[in-house]
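Just so you know, we're using this note's numbering here: the sequence shown kicks off at 240 and counts up by one. Glycine included, each C-beta is placed from N, C-alpha and C at the ideal position. This report refers to the structure that appears directly beneath it.
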Amino acid sequence: MRQKLLNEGAKELSYEIREIVKKADQLRKLGINIFWENIGDPIQKNAEVPAWMKEIIANLVMDNKTYSYCHSKGILATREFLADINNKREGAKVSAEDILFFNGTGDAIAKIYQYLNFTARVIGPSPAYSTHSSAEAAHAHQEPLTYKLDPNNHWYPDIDDLYKKIKYNPNVVGILIINPDNPTGMVYPLDSLKKIVQIAREFKLMLISDEIYMNITYNGARAYSLAEVIEDVPGIAIKGISKEFPWPGSRCGWMEFYNRDKDHQFHKLCSAMENAKMLEVCSTTLPQLSIPKIMGDPRYIPYREDANKKIGNRSKLIADILGSIPELKFNETYGAFYNTIIFKDGVLKNGQTLPIENPEAKQLVEHWTKDENMNKDKRFVYYLLASTGICVVPISSFCSELQGFRVTLLEENEEVLRSVFTRLRNAIIEYIHSSPMITGEKELKLAKI
Ligand SMILES: Cc1ncc(COP(=O)(O)O)c(C=O)c1O
C-alpha cells in the first residue's frame, strides 16, 4: 500500500469476550464439550421468546409496510410511545424529537465516539465493557480512561477516584455510567448517581448512561434511570431491546437526549449523530414497529417480572455455590445477568494448573500459557476451559488491574446451572491449591534441600 491504511486508534479495538470463543472453538474441535458461560445472549442460553411476542412480530412480518425504510430518526409513533414512558416518571422529559434510533446499542455507542472531538475523553467504569472502552479509546488514540468500581464495596463506583481523575484531566468531557452494569451486575445506588450528576455539573460535563439492562433488576433492587437524576445536566441514555425482549438479533436500540437546550456543544453532538443517521438512511424498521405493540401489551410487565425473578434465583444459587470460597472476593448481583468474581491478591500464581485429560488440549493450553508474563487470570481461564469445558472471560480483559473472571447468569436449566457452577467451584479450589511453584520458588526450594 502507498500509505498506512489504519489509524492509530484501531489497535485499541479488541473484544476479548469474543476472543475467548476462538480458543473454546479450538478445544471443541478436539472433542471437549464447552459450557458457554461467557456470552450475554439469552437466546443462545435457551431463553424462549414468549409465543405472544412472536405472534406480534409474525403479524408485522405479514404486513407489506414493514418492509420499507422508516424515518431516519426512527418511527414517529414508536418514538412518541417511548417518550411517553419516560415522561410518566419524575425527572427530565423528552419529546419524540429527542429520540434517535440505531441498529442496536452497539451502533449507538460507536456513533457517539465517532463524532466526538478526538481530544475529548469520556471516563467510564472499570472493569469496563469493551464496546464502550474500546470505541472510546480508538477515537482518542489513547488507552481507555476509567474510574474504579470497588469490589470491596459491592462494586459501587469509587466517587473519589472519579472526582480526582476528572479534576486533573481537563480533556474529560463526559462520564459513562452502565446501569445496571456489565460485567459486575451492580446497580448504581441513588446516592452515587446524585454525586456523579453533581460532578458533571461542577466540571460542565455530559453524562452518558447505558441503560440496556435498566428493566433487568431483581432480589429487591431498583435501578434509577439517568432521566430521574440528571436535573439540568446534558446527557444521553442508551436503551435497547436485545436483552429485555430478548431480541439481540433485531439490532435495535435508541438514544434519548436530555437537556439538549442547555448546552450548545452538546446540542451540536446530538445533531451530528442525527445527520449521520440521515446519511445512512435509517435503522431497522421491523423491531421498531414491534416496540409499542410488545411493551404496550398487558402481558409485558408480568413477563419481565417473571424473567427477572428467575435471574434473581440464579444469582442467589451462584452466590450459594461460589460465595464462601475464602480466596475470592464475591459480590452478589442485583441487575443485568453477569457476575465478576475476583481472586484476592497473591492467590493466582504461575505454575498453578488443572488436570487436562485430552493430551492435545493439554499441549495447546501449555502453549497458550507459556508466556510467564501473561495475565494470571487469563492463564486460569485457559486451564479452566481445557479441564472442564467451562468458558468464562478473564477480568483483566475488561481494562482492569484486578484478577478474576466474568460469568453469565443465563443458564435456564437449573440442573445444568448447579452442575456447571459446582464444577467451577471445585476447579477454582483445585487450581489455587495446585503447585504454586514458579521457577524462582523451585530453585529456592531445591537450594534448601
Ligand atoms: C452494557 C451493554 N451495552 C450495549 C450492549 C450491546 O447491545 P446491542 O445488542 O443493543 O448492540 C451490550 C451487549 O452485551 C451491553 O452489555
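{"Query": "Where residue 341 falls: helix, strand or coil (DSSP)", "Result": "strand"}
{"Query": "Beta-bridge pairing of residue 387 - partner residues as DSSP gives them", "Result": "365"}
{"Query": "Near ligand 1: residue 482 beta-carbon under 8 Å from a heavy atom", "Result": "yes"}
{"Query": "Beta-carbon gap between residue 643 and residue 580 smaller than 9 Å", "Result": "yes"}
{"Query": "Nonlocal neighbours in the same chain, by C-beta distance under 8 Å from residue 469, ignoring five residues either side", "Result": "330, 331, 436, 446, 497, 498"}
{"Query": "beta-carbon residue 575 near ligand 1 non-hydrogen atom, thresh 8 Å", "Result": "yes"}
{"Query": "Under 9 Å between C-beta atoms of residue 454 and residue 547", "Result": "yes"}
{"Query": "Three-way DSSP call (helix, strand, coil) for residue 633 in this model", "Result": "strand"}
{"Query": "When 561, 532, 502, 261 are compared against residue 660, the one with the closest alpha-carbon", "Result": "561"}
{"Query": "Residue 281 burial status per 10 Å Cβ neighbour count (16 or more: buried)", "Result": "buried"}
{"Query": "Range of the contiguous beta strand (DSSP E) that encloses residue 414", "Result": "411-417"}
{"Query": "Distance, residue 500 Cα to residue 245 Cα", "Result": "37 Å"}
{"Query": "Per DSSP, the bridge partner or partners of residue 494", "Result": "339, 477"}
{"Query": "Beta strand (DSSP E) runs wholly inside the stretch 261-320, at least 3 long, in chain order", "Result": "none"}
{"Query": "Nearest residue (CA-CA) to residue 520, options 250, 259, 301, 312", "Result": "312"}
{"Query": "Proximity test, residue 383 beta-carbon vs ligand 1 heavy atom, cut-off 8 Å", "Result": "no"}
{"Query": "Inter-stretch contact (C-beta, 8 Å, three-pair minimum) for the stretch 307-325 and the stretch 513-531", "Result": "yes"}
{"Query": "8 Å contact criterion, which residue 492 and residue 341 should meet: CB distance rounded", "Result": "5 Å"}
{"Query": "With 16 other Cβ atoms within 10 Å as the buried cut-off, status of residue 488", "Result": "exposed"}
{"Query": "beta-carbon residue 409 near ligand 1 non-hydrogen atom, thresh 8 Å", "Result": "no"}
{"Query": "Among 414, 529, 461, 423, the one whose alpha carbon lies nearest that of residue 472", "Result": "414"}
{"Query": "Cβ-heavy atom distance, residue 579 to ligand 1, below 8 Å", "Result": "no"}
{"Query": "Buried or exposed (CB count within 10 angstroms, at least 16 for buried), residue 424", "Result": "buried"}
{"Query": "Contact under 9 Å by Cβ, residue 391 with residue 568", "Result": "yes"}
{"Query": "Among 463, 399, 408, the one whose alpha carbon lies nearest that of residue 420", "Result": "463"}
{"Query": "Neighbourhood of ligand 1 [Cβ distance below 6 Å to any heavy atom], ordered by chain position", "Result": "279, 343, 344, 345, 368, 370, 417, 421, 449, 451, 479, 481, 487, 492"}
{"Query": "Residue 333, buried or exposed, once every other Cβ within 10 Å from all chains shown has been counted against 16", "Result": "buried"}
{"Query": "Boundaries of the alpha helix (DSSP H) in which residue 551 is found, first to last residue", "Result": "539-561"}
{"Query": "Cβ distance (whole Å) where residue 633 is taken to contact residue 617 below 8 Å", "Result": "4 Å"}
{"Query": "Close beta carbons around residue 456, own chain, < 7 Å, minus the five adjacent residues each side", "Result": "419, 426, 462, 547, 573, 574"}
{"Query": "Residue burial classification, residue 338 (beta-carbon count within 10 angstroms, cutoff 16)", "Result": "buried"}
{"Query": "Counted within 10 angstroms of its Cβ, other Cβ atoms place residue 443 as buried (16 or more) or exposed", "Result": "exposed"}
{"Query": "First through last residue of the beta strand (DSSP E) which encompasses residue 451", "Result": "From DSSP, residue 451 is part of no beta strand (DSSP E); its letter is neither H nor E."}
{"Query": "Within 9 Å, strictly: CB atoms of residue 377 and residue 249", "Result": "yes"}
{"Query": "CB contact below 9 Å: residue 285 versus chain B", "Result": "Structure shown: chain B not included; a single protein chain is present."}
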